[in-house]
Structure formats: structure tokens, C-alpha cells
Amino acid sequence: MVSRVIPVDPFDLVIFGATGDLARRKILPGLYRRYMAGQIPESSRIIGSARSEMDTAAFRTLVIEAVEEFVPEARRDAASMKAFAEHLHYVRVDATGENGWPELAGMMRDGVVRAFYFSVAPSLFGALAERLHHFGVTSPEARIVVEKPFGRDLETARALNATLAEHFAESQIYRIDHYLGKETVQNLMAVRFANILFEPLWNARHVDHVQITVAETVGVGGRGQYYDKSGAMRDMVQNHMMQLLCLIAMEPPYHFDPDAVRDEKLKVIRALQPVDADDIVRGQYRAGGKKGGGEPSYAEDVEDPATRTESYIALKTQIANWRWKGTPFYLRTGKKLRARTSEIAIVFKEVPHSIFGDEEGWRENVLVIRLQPNEGMNLKVMIKEPGPGGMRLVQVPLDMSFAEALGEDGADIPDAYERLIMDVIRGNQTLFMRGDEVEAAWAWTDPIIAGWEARGDRPKGYDPGSSGPEDALMLLHRDGRRWREICE
Ligand code: BG6
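In this text, residue positions in the sequence shown follow the working numbering: the first is 152, and each later residue adds one.
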């Protein structure tokens, strides 16, 4: 199978924060990969911008080094890196002052797509939006791309939406949630809405419960300053996990169209029930490490012995609508866990009547959608255990690895950022969050956080390399269920 590269119009993409970590790791290497795929039109320019004193030649060197570091050797070569670098330019701009803006404005061209990527601290979003406008850098069709975190609660998210709205229409604002750019996350929609097989079963009559797991092996590392003010709830649940939940739970949109999809997601968020204190377990990793020592605890990582921020959270939530009433959704995510794995498991109900009697081997059907690593799907079904001597049942997986099923195309799945940046250039907002969606997500999150703050809850300790705090097991046990193993 040969993947189709859909051409995009020529563009000028300005990256604010172009020397920062996200740009170096994801955005610039991603653009190189798109260049290799033939998707960067000849006359397009990528204009790096930051506070650092640097010229275009130095910026090109920095980008080439980033590509060498973050693109596998087999997928790059010196000649194309050099040719790619021809598209790169650098302008020093002061986000909160006046320096550099007239020069940037002078570089803008008519007749090409104009996009501005805010890969900077959220405190600068407003200043950038204002200056783009004030110095005439923007145009009515220009697009801005805004990174997370989008606010830290409903109030700050509303304020940010209002600030951006002073200078840009909603159709110009692309709020990134990189989970939506992941291949398998989009596949959720294909699986649900391009197959007749699942939809009739996709409701509370047939689904016992849903588990969403995003487990990481890394700790907070050098991001302690940011992370300690967020915690797993704000860092992962309010955005990434919420998006996954929406794609599983939403009604079929009438069309694969940005507002149709986002309208349906919004309805799910609004139908989410408040979460009881008993239905939340927060955790914090202890010192230790896989080989029994050496690695700092969460409190040491963030350099605050009294911190109460969670590096792990598990919770049970319900969706109050006709489709899902009575089917709990269990969410968990954490750092320094046993394995890096993200998956969604749809656990189906028992058959209404077993013709085999109380068959011991019986297990429920489970559809597992693996987001990473090893993207794919696995449907667990019951069959007869081979051999004579009666009817014994055994569960077997119908396992599909996308990499294997799709051959070479599957082995080279574009990174989430690559796809999302190209969607910005194309002007397709389907995989970006709308302002009202983000606000609704905070409206659900805020009371949960306020609740544990008012109770003065402390997160439970858990060992690095474990599955999280023991109490998280109880969340399912007391409902007669159990978490799936966290393993790669
Ligand atoms: C980011 C969070 O948004 O997502 C990080 O801020 C987290 O804390 C990361 O590690 C996980 O992304 P991925 O793509 O590695 O699953």
C-alpha cells in the first residue's frame, strides 16, 4: 500500500519559541519529515522566532542538529536536510516588547497561508496575539496555533479565550491537543463509524465498563516547576484523557466536519457527572527505581517536601445520557509506572444465557485499542479449547498490529505534531479543541480539584515501576471488576 500525500498550499509558518524544547523535539523534526514526504511546497517558509540573538544561518544549524537528534537515521539524509534548511529563516522578536515586530511584519507575503505557532509559555499568548495584530503581522485568514496548558481552571481558560477572541475569530484559533493527532486516536473514529460491527453494541446495554489507561515510565524530570502546579488531573485528564473519552462516547456526527465532530464531543463533556470523593485515587511516586534505588521521589523531583500534587490519578466517572447511563468509565494515568502504555479497553457484558452452564473458562469480550506503543487493536473472543473430552472454553485474541497490517505505511506512522501542523495549513480544525469544549472540560475538572483541596487530601505513595497506589485497585474491586495489567 502506498500512502497518499495530500498537497498543501504554500505557507509561511512562524514559530514563536523556535529555540525551545517542543520546537526542537517535535515541531521542527516533524516539519522535516513532512518535507521528506513531499508536503512542503517549494515557496513555503518556516520562520523561527525567539528572544535569542541568532541569525538565520545559526538557526538552520540548530534545526539540522535537532533533526539529527530526533529523526531516525534511516529517515534522513544530508542532502535533503540541506535543502530543507533553505526553507528556514530566523527573526529575533521580543514577545512583550517592540523589537523585531516591524521586521517580521515586513517579511509577510500575500497569497500564501499565514500561520503562527505559539510554542511559548501560556503567559505570553495574550501578548503575542496583541502584537501580531498591532504590528500588522496577521491577516484575516491567518491562523494561530496555541499549545497547552490552555488555562489552569475555568476562569483562566475563559480569560484566555476572551483575549484571543479580541484579535482572532474562532475559525482562526487552533488549540492543540497532541493526542488528537495520534494515528490510533483518529482510528477510534474510523473503527466506530466506518464499521457496522461495533455500533449496535456500543452502549450501556452491551458495554459493562470502559477503562482508559495512559501509563508512563518517566518521572517529571526537569519539568517539575510546571508539573507541580498542574498534577496529573490538569496535565493529562482535563485534556488528553477527556478527548479519548469523548471519541469513545460521542454520538455519530452527521459528517466528519470540524463543528459536527466538536459539537458531539461537547455534548459528552457536558453530560459527565460530578465525581464523588470515593471515586478518586491520587498518588505520588516514592523514591526508588526499577532496580531498587537511586531515583528521587516526586517530592525530590519538584524540590518541595510538602507537595501534595499527584503524579498519578485514577477515577470513575459516569455519562448521564441514554447511551451510557449505567456504564462507568474508569480513567487512570501516572508517571513512573511499570510500563509505557496507553490503551482503551471496552469491556462487554456477559452473554444473556450460557448454554454451556457455569463454564469456568468464560471471560467477557474485550476490545482493546492500543494507542502506544505498538498501535493496534485486539478483540478478545471465546472459542472452544481444542481437543476431545467436552466443551471447554478459552479466550483468544484477534490481534491486529497496524504496523503489520499496513506494511511499510504502518511502520512509518507520522508523529501527532506533523499531522496537526499540516491540518493547520489546510485549515482543518477537526482535530483541534474549540473554545467551548475547553471551557466545558474545566467546568467538570474544577469542582473535582476543589473537592480534594477542601478535604486536604494527600496523595498516596506508590513505588516506581509499580501499577500505582494499592487503593486504585479498590476502585474497581468494589464494583466487582479489575484493571487490566499495565504492560507493553
Ligand atoms: C504532555 C504532558 O501533554 O503529554 C506530559 O504534559 C506527558 O506530562 C505527555 O508526558 C505524554 O504524551 P505522549 O505523547 O508521550 O503520550
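Idealized CB from N, CA, C, for every residue including glycine.
Remember, it's a predicted structure, so these values are computed and weren't measured experimentally.
Discussion item. Would residue 182 and residue 191 be called neighbours here (beta carbons separated by less than 8 Å)?
Written reply: yes
Worksheet entry | Given residue 541 as reference, the closest of 426, 216, 569 and 507 once Cα atoms are compared | Ranking the options by Cα distance to residue 541, first place goes to 507.
Discussion item. Checking the sheet assignment: what are the DSSP bridge partners for residue 200?
Written reply: 167 and 242
Fill in: Nearest neighbour of residue 283, chosen from 489, 200 and 351 [CA to CA]
200
Item to complete: Indicate, with yes or no, if the ligand BG6 has a heavy atom lying under 7 Å from the CB of residue 387.
Response: Yes, the beta carbon of residue 387 sits closer than 7 Å to at least one heavy atom of the ligand BG6.
Item to complete: Consult DSSP for residue 360 and reduce its assignment to one of helix, strand or coil.
Response: strand
Discussion item. Following a CB-centred definition, is residue 299 positioned closer than 7 Å to any heavy atom of the ligand BG6?
Written reply: yes
Discussion item. What residue range does the beta strand (DSSP E) around residue 546 cover?
Written reply: In the DSSP annotation of this structure, the continuous segment of the beta strand (DSSP E) that includes residue 546 starts and ends at 544-552.
Fill in: Sequence-distant residues of its chain with Cβ nearer than 8 Å to residue 339 (five each side left out)
395, 398, 399, 495 and 520
Discussion item. Can you tell me where the alpha helix (DSSP H) holding residue 254 begins and where it ends?
Written reply: From DSSP, the alpha helix (DSSP H) with residue 254 extends over 252-258.
Worksheet item: Going by alpha carbons, who is nearest to residue 490 out of 259, 628, 617 and 256?
Response: 617
Worksheet item: For residue 416, which residues from the same chain have a beta carbon less than 7 Å from its beta carbon, with the 5 sequence-adjacent residues on both sides left out?
Response: For residue 416, where only same-chain residues beyond five positions count, the Cβ hits under 7 Å are 397, 401 and 588.
Item to complete: May I have the straight-line CA-CA distance separating residue 613 from residue 218, to the nearest angstrom?
Response: 37 Å
Worksheet item: CA-CA distance, residue 333 and residue 566?
Response: 7 Å
Practice prompt. Determine the closest residue to residue 254 out of 383, 194, 386 and 198, with distance taken between C-alpha atoms.
Written response: 198
Discussion item. By the DSSP assignment, the beta strand (DSSP E) with residue 465 in it spans what residues?
Written reply: 463-468
Worksheet item: Of all the beta strand (DSSP E) runs that stay within the bounds of the segment 270-311, which reach a length of 3 or more residues?
Response: 294-297
Discussion item. If you measure between the beta carbons of residue 177 and residue 368, is that distance less than 8 Å?
Written reply: For residue 177 and residue 368, no; Cβs fall outside 8 Å.
Fill in: residue 367 CB to nearest heavy atom of the ligand BG6 below 7 Å
yes
Worksheet entry | Range covered by the beta strand (DSSP E) that runs through residue 472 | Where residue 472 is concerned, there is no enclosing beta strand (DSSP E), given that its DSSP letter is neither H nor E.
Worksheet entry | Residues that DSSP places opposite residue 517 in a beta bridge | 498 and 531
Item to complete: Check whether the Cβ atoms of residue 535 and residue 514 lie closer than 8 Å to each other.
Response: If you check the CB distance, residue 535 and residue 514 do not come in under 8 Å.
Worksheet entry | residue 266 and residue 293 closer than 8 Å at C-beta | yes
Item to complete: Might you give, ordered along the chain, the residues of its own chain that have their beta carbon closer than 6 Å to the beta carbon of residue 175, omitting 5 neighbours on each side?
Response: 217, listed in sequence order.
Discussion item. Rounded to whole angstroms, what is the Cα-Cα separation between residue 316 and residue 280?
Written reply: Whole-angstrom Cα-Cα distance: 9 Å.
Worksheet item: When burial is assigned at 16 or more other CB atoms within 10 Å of the CB, is residue 153 buried or exposed?
Response: Because residue 153 carries a pLDDT of 48, less than 50, the predicted location of this residue cannot be relied on, and the following value inherits that uncertainty. Answer is exposed; the Cβ neighbour count stays below 16.
Fill in: Inter-residue Cα distance where the pair is residue 357 and residue 502
9 Å
Worksheet entry | Distance, residue 322 Cα to residue 231 Cα | 34 Å
Worksheet item: Are there 16 or more other CB atoms within 10 angstroms of the CB of residue 247, so buried, or fewer, so exposed?
Response: exposed
Item to complete: My understanding is that residue 159 touches residue 576, with C-beta atoms under 8 Å, so please give their C-beta distance in whole angstroms.
Response: 5 Å
Discussion item. What does the alpha-carbon distance come out to for the pair residue 608 and residue 384?
Written reply: 14 Å
Item to complete: Determine the DSSP secondary structure at residue 152, reduced to helix, strand or coil.
Response: Low confidence applies to residue 152: its pLDDT is 49, below 50, so where it sits in the model is not reliable, and the reading given next is rough at best. In the structure shown, residue 152 sits in coil (DSSP, three-state: anything other than H, G, I, E or B).
Discussion item. Need the endpoints of the alpha helix (DSSP H) that residue 484 sits in, please.
Written reply: In the DSSP annotation of this structure, residue 484 is not part of any alpha helix (DSSP H); the continuous beta strand (DSSP E) holding it starts and ends at 480-485.
Practice prompt. Give the single residue among 194, 308 and 433 whose Cα lies nearest to the Cα of residue 591.
Written response: 308
Discussion item. DSSP three-state label for residue 375, please.
Written reply: helix
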